[in-house]
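What follows is a short report on a single structure.
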Amino acid sequence: MAVKVIIPTPLRPYAGKQESVEFDARTVGEALSRLTTRYEELRKHLYTDEGRIRSFVNVYLNDQDIRYLQKENTQIKDGDTISIVPSIAGGTRS
Amino acid sequence: MAAKLEPLTSHPVGLKLSKEEILRYSRHLIMPEVGMEGQLKLKQAKVLLVGTGGLGAPLGLYLAAAGVGRLGLVDFDVVDFTNLQRQVTFATSDVGRPKLEAARERLAGLNPEIQIDTHETKLTSANALEILREYDIIVDGTDNFPTRYLVNDACVLLGKPNVYGSIFRFEGQATVFGYPDGPCYRCLYPEPPPPGLVPSCAEGGVLGVLPGIVGAIQAMETIKLILGRGDLLVGRLLLFDALAMRFRELKLRKNPACPACGDHRTITKLIDYEEFCGIRGEEAPAPAVQVPEITPRELKARLDRGEEIFILDVREPHEYQICNLRGHLIPLGELPRRAHELDSSREIVAHCRSGKRSAEAVEFLRKAGFRKIWNLKGGILAWADEVDPSLPKY
């Protein structure tokens, strides 16, 4: 299934400065695994050393948080969009 | 999910608008969605703005102009030149003045009918509950993770809505946390990123208009909360990409396992947020790595003696254009694959803007076998302070 992964601004430096990347994958986990295989540096920003998705990074399939779906086993449909949404703190002085 | 609305302020009895106020707010009063009832709710409302910078600027201006009766401001900073690119509350003549003094003057000049409270302090676990307690709605316009978690937890403990906005470069996020039955910040992000993974100053910066847009969205949500009108950004995270000029919306859920607002909450009082975020404080960030250093004065003296020292600049090309020491430019991120451009038999001094990235570069190169390499202490900023005051600082 073709899926588009949207890379947020703070992580673009670790993903070849791409705004989004397309993959063929069956699950969200598979798509993220392809992403971090292509962009090795991104891995430590997305996953803990134990291989869990970091708690300040949320992953959405379309507009749904995968924590409330089947997490990384969430199935993908053709044309779906995965968003990686990290916490950003900027506001006043940045 | 559209949140069910319950106006936060009860219908004001006995409160009236003066003739001047009626004229001032006439464009609100002739709208049925606001009207006299709505304007009186605004007049009765008490809103606290945490941070009077980029997001705080449109927030303060629009909420004061709209007639929010009592506006609290929390900040402890002084206006500097780099603020003026986006913090439109301030004038060039305000540089060097406390932000709160300048903001109070500006907002009172815009609307003398409202009360402005200034809290010139850093919001801490010791004072947050006391300060926030006085207000109906808290608006978070801060710039750091410890204060964001502090504001969130204090709002949850006090049962107050937290109008959230955050920006990075050209991307913004906005939502309303802490609304009855809605999610809080910790439902979304239980923990902050460890300091090492926060984007460094190389990737920092913000397009000046962006906080204007995100802050204006926060101001709009604040006014809707007061009026009890429309669909709030509760349970919805608004993402804004200014370069693509695209808004997207993601669903937020209240996390039953949330440590702050979940069924078995573990956060029942405020904690040490700097420790929680793994930092000792914004003013004195611990150096990421310990490496051999050279001060700008020592380097200048050695160069003046004619010593051949290779200057390695690990900043980004756009920073090199602002100012440079005519060093060899290899951005930190490209160092692993471009290290072969360097001669390990030569003496090398690495620098960046303030010394953090170049410390990482020195650490990396020492591991790669470089022995005669030093980090320029304080970076090109310290060079400008100690050696060459004609160099622009950024």
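Chains A and B supply the protein sequences, listed in that same order. Mind the numbering: the first sequence is residues 0 to 93 in numbering that gives the first Met the number 0, read in order. Mind the numbering: the second sequence is residues 0 to 393 in numbering that gives the first Met the number 0, read in order. We put the CB at the ideal spot given by N, CA and C, even for glycine.
Range covered by the alpha helix (DSSP H) that runs through residue i
i, result
"His317/B", "316-321"
"Leu226/B", "208-226"
"Lys299/B", "295-303"
"Ile21/B", "18-23"
"Phe275/B", "272-275"
"Thr36/A", "27-37"
"Ser357/B", "355-366"
"Leu187/B", "184-187"
"Leu334/B", "334-337"
Extent of the continuous beta strand (DSSP E) run through residue i
i, result
"Ala1/A", "1-5"
"Asp79/A", "79-85"
"Glu248/B", "245-250"
"Ile372/B", "372-375"
Any chain B beta carbon closer than 8 Å to residue i
i, result
"Ile83/A", "no"
"Ala30/A", "no"
"Thr8/A", "yes"
"Ser54/A", "yes"
"Gln69/A", "no"
"Ala88/A", "yes"
"Asn57/A", "yes"
"Asp48/A", "no"
"Gln17/A", "no"
"Asp79/A", "no"
Straight-line gap, residue i to residue j (C-alpha atoms, nearest Å)
i, j, result
"Lys376/B", "Phe363/B", "17 Å"
"Gly305/B", "Leu298/B", "11 Å"
"Gly141/A", "Leu31/A", "With chain A covering only 0 through 93, there is no way to say anything about residue 141/A."
"Glu32/B", "Gln289/B", "60 Å"
"Leu206/B", "Phe169/B", "6 Å"
"Gly13/B", "Leu22/B", "20 Å"
"Lys40/B", "Glu20/B", "14 Å"
"Ala383/B", "Arg352/B", "10 Å"
"Leu109/B", "Leu70/B", "13 Å"
"Pro182/B", "Glu248/B", "15 Å"
"Pro295/B", "Asn374/B", "10 Å"
"Asp262/B", "Leu236/B", "22 Å"
"Phe394/B", "Ala63/B", "Since the displayed chain B opens at 0 and closes at 393, residue 394/B lies outside it and no answer follows."
"Leu302/B", "Ile308/B", "7 Å"
"Ala65/B", "Leu390/B", "44 Å"
"His44/A", "Cys322/B", "31 Å"
"Gln17/A", "Glu190/B", "26 Å"
"Ala241/B", "Val213/B", "10 Å"
"Ser93/A", "Leu83/B", "Reliability fails at Ser93/A, whose pLDDT of 34 lies under 50, so the model's placement of it is uncertain and no value is given."
Identified DSSP bridge partners for residue i
i, result
"Leu311/B", "His327/B, Ala349/B"
"Asp139/B", "Val49/B, Tyr163/B"
"Glu21/A", "Lys3/A"
"Ala383/B", "The partner list for Ala383/B (beta bridge, DSSP) is empty, contrary to what the question assumes."
"Ala173/B", "Gly164/B, Leu237/B"
"Gln289/B", "Gln289/B pairs with nothing; no bridge assigned."
"Val205/B", "Arg168/B"
"Pro193/B", "Paired residues: none, contrary to the question."
"Pro255/B", "Pro255/B is not bridged to any residue."
"Gln97/B", "Just to set this straight, residue 97/B is Pro in the shown sequence, not Gln. DSSP, once it has assigned bridges, lists Val77/B as partnering Pro97/B."
Proximity test, Cβ basis, 8 Å: residue i and chain A
i, result
"Arg395/B", "This structure leaves residue 395/B out entirely; chain B is present only between 0 and 393."
"Gly59/B", "no"
"Val150/B", "no"
"Phe169/B", "yes"
"Arg96/B", "no"
"Arg279/B", "Legend: pLDDT at Arg279/B = 48, less than 50; position of this residue unreliable, value from coordinates given subsequently. Not closer than 8 Å to any Cβ of chain A, the Cβ of Arg279/B fails to qualify, so no."
"Gly261/B", "no"
Any non-hydrogen atom of the ligand ATP closer than 7 Å to residue i Cβ
i, result
"Thr8/A", "You won't find the ligand ATP in this model; it holds no ligand whatsoever."
Tell me the start and end of each unbroken beta strand (DSSP E) in the region 27-91 of chain B that is at least 3 residues and wholly inside, in chain order.
-> 45-49, 69-73
Which whole runs of the alpha helix (DSSP H) in the region 41-68 of chain A are 4 residues long or more, in chain order?
-> 42-45
Go through the region 110-158 of chain B residue by residue and report every complete run of the alpha helix (DSSP H) that reaches 4 residues or more, in order.
-> 127-132, 144-157
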